[in-house]
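Below is one structure, written out as structure tokens, with a few remarks after it.
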Amino acid sequence: MSTPVVEFQQVGLTYPGPPAVSALRPADLRIGGGEYVAVVGPSGSGKSTFLNIMGLLDSPTTGRYLLDGKDTAVLDDADRAALRGQRLGFVFQGFHLLPHRDATENVALALLYTGSDRRRRRARAREVLGRVGLSHRLDTAPSRLSGGERQRVAIARAMVNHPSLLLCDEPTGNLDSATARSILDLLDELNAGGTTVVLITHSADVADRARRTVTIRDGVLTETAGVTS
Ligand code: ADP
Numbered sequence: 068m069s070t071p072v073v074e075f076q077q078v079g080l081t082y083p084g085p086p087a088v089s090a091l092r093p094a095d096l097r098i099g100g101g102e103y104v105a106v107v108g109p110s111g112s113g114k115s116t117f118l119n120i121m122g123l124l125d126s127p128t129t130g131r132y133l134l135d136g137k138d139t140a141v142l143d144d145a146d147r148a149a150l151r152g153q154r155l156g157f158v159f160q161g162f163h164l165l166p167h168r169d170a171t172e173n174v175a176l177a178l179l180y181t182g183s184d185r186r187r188r189r190a191r192a193r194e195v196l197g198r199v200g201l202s203h204r205l206d207t208a209p210s211r212l213s214g215g216e217r218q219r220v221a222i223a224r225a226m227v228n229h230p231s232l233l234l235c236d237e238p239t240g241n242l243d244s245a246t247a248r249s250i251l252d253l254l255d256e257l258n259a260g261g262t263t264v265v266l267i268t269h270s271a272d273v274a275d276r277a278r279r280t281v282t283i284r285d286g287v288l289t290e291t292a293g294v295t296s
């Protein structure tokens with residue numbers, strides 16, 4: 068079997084407090100390349116903690132986390148940041164775009180660390196913006212884009228480095244239902260193209276798009292559905 072993208076070996080996180088909070092109880096989990104996993108659970112159950120660990124934004128206090136087979140515990144902050152930039156893409160509910168840069172620049176900035184020149188970065192950004200259906204909005208600033216278009220820019224930014232893993236935290240939480248559907252269709256399309264997707268959601272409809280669902284309740288991670296395809 069090929070190396071999983073994500074492998075948790077008894078990964079857990081306890082905030083020291085006092086009082087100590089076991090935000091994520093030690094759990095095993097493997098996510099293979101090309102999977103689409105929804106993460107559901109009530110507010111305060113540990114979903115963000117789980118995503119932050121997976122996204123190398125937080126370190127587990129127990130266990131081992133291997134990303135693309137690489138043990139992340141041995142990395143220093145600079146290595147973690149580099150790995151985050153190269154292997155991970157993030158999409159948040161609130162888009163987090165730079166307001167004074169146009170769509171192309173918002174996406175191209177994610178390529179800064181690659182060392183390629185500006186012209187190439189912008190060309191690659193335009194290509195990915197085309198892929199998410201925004202060829203006609205390349206020079207537009209976020210304030211002049213609709214919510215759905217902003218999220219498409221954010222998805223293009225997340226995809227521009229060919230990430231191993233696309234981490235989405237309530238990506239449709241700020242969108243009306245028709246726009247939300249179109250964003251979920253885009254995520255389906257990216258997943259069909261081979262991108263591994265992990266998506267946090269409160270919505271059962273959104274979770275239905277995924278082939279696996281992981282539920283977190285009081286920090287306890289359980290798999291509620293097997294792989295169905
Ligand atoms: P969710 O994303 O499902 O709402 P979180 O992962 O944010 O849940 O939180 C899980 C638990 O950890 C909650 O009880 C929360 O209060 C606690 N928690 C989150 N961040 C911290 C922190 N920095 N320090 C202490 N406790 C925290």
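FYI, the numbering used here numbers position 126 of the sequence shown as 193, with every residue one higher than the one before it. Built from N, CA and C at the ideal position, the CB exists for glycine as well.
Glu74: member of the beta strand (DSSP E) spanning 73-82, first to last residue. In the same chain as Asp206, and ignoring 5 residues on each side of it, the C-beta atoms closer than 6 Å to its own belong to Asp169, in chain order.
Between the alpha carbons of Ala221 and Ala87 lies a distance of about 35 Å. Not one heavy atom of ligand 1 lies closer than 7 Å to the C-beta of Ala271.
In the assembly as shown, Tyr132 is a buried residue. Its beta-carbon has 16 or more other beta-carbons within 10 Å.
Its chain contains Ala208, Pro209, Ser210 as the residues whose beta carbon lies nearer than 8 Å to that of Pro166, once the 5 sequence neighbours on both sides are disregarded; these appear in chain order. Following the DSSP letters along the chain, one finds Gly136 in no beta strand (DSSP E), marked with neither H nor E. Apart from the 5 residues on each side of it in sequence, Gln160 sits with its Cβ closer than 7 Å to the Cβ of Asp236, Glu237, Pro238, Gly240, Asn241 in its chain, given in chain order. Sorted by chain position, residues whose beta-carbon lies closer than 5 Å to a non-hydrogen atom of ligand 1 are Tyr82, Val88, Ala90, Ser110, Gly111, Ser112, Gly113, Lys114, Ser115, Thr116. Selection Phe157, Leu134, Phe162, Leu124 evaluated against Asp144 yields Leu124 as nearest (Cα-Cα). Burial state of Leu179 is exposed, judged by a 10 Å Cβ sphere holding fewer than 16 other Cβ atoms. Collapsing the DSSP output to three states places Asp143 in coil. Within the segment 218-263, the runs of alpha helix (DSSP H) that reach at least 4 residues and sit entirely inside it are, in chain order, 244-259. The segment 83-99 makes no contact with the segment 250-258; the number of CB pairs closer than 8 Å stays below 3. Within the same chain, Cβ atoms closer than 7 Å to the Cβ of Thr171 are found at Arg189, Ala192, Arg193, Leu196, Leu205, Asp206, the five residues on either side in sequence being excluded. Residue pairing by DSSP places Gly156 opposite Leu233 in a beta bridge. Val199 and Arg154 have their C-alpha atoms spaced approximately 20 Å apart. Per the coordinates, the alpha-carbon of Ala140 lies some 25 Å from the alpha-carbon of Met226. Rounded to the nearest angstrom, the gap between the Cα atoms of Pro85 and Leu234 is 30 Å. When secondary structure is reduced to three states using DSSP, Thr280 falls in the strand class.
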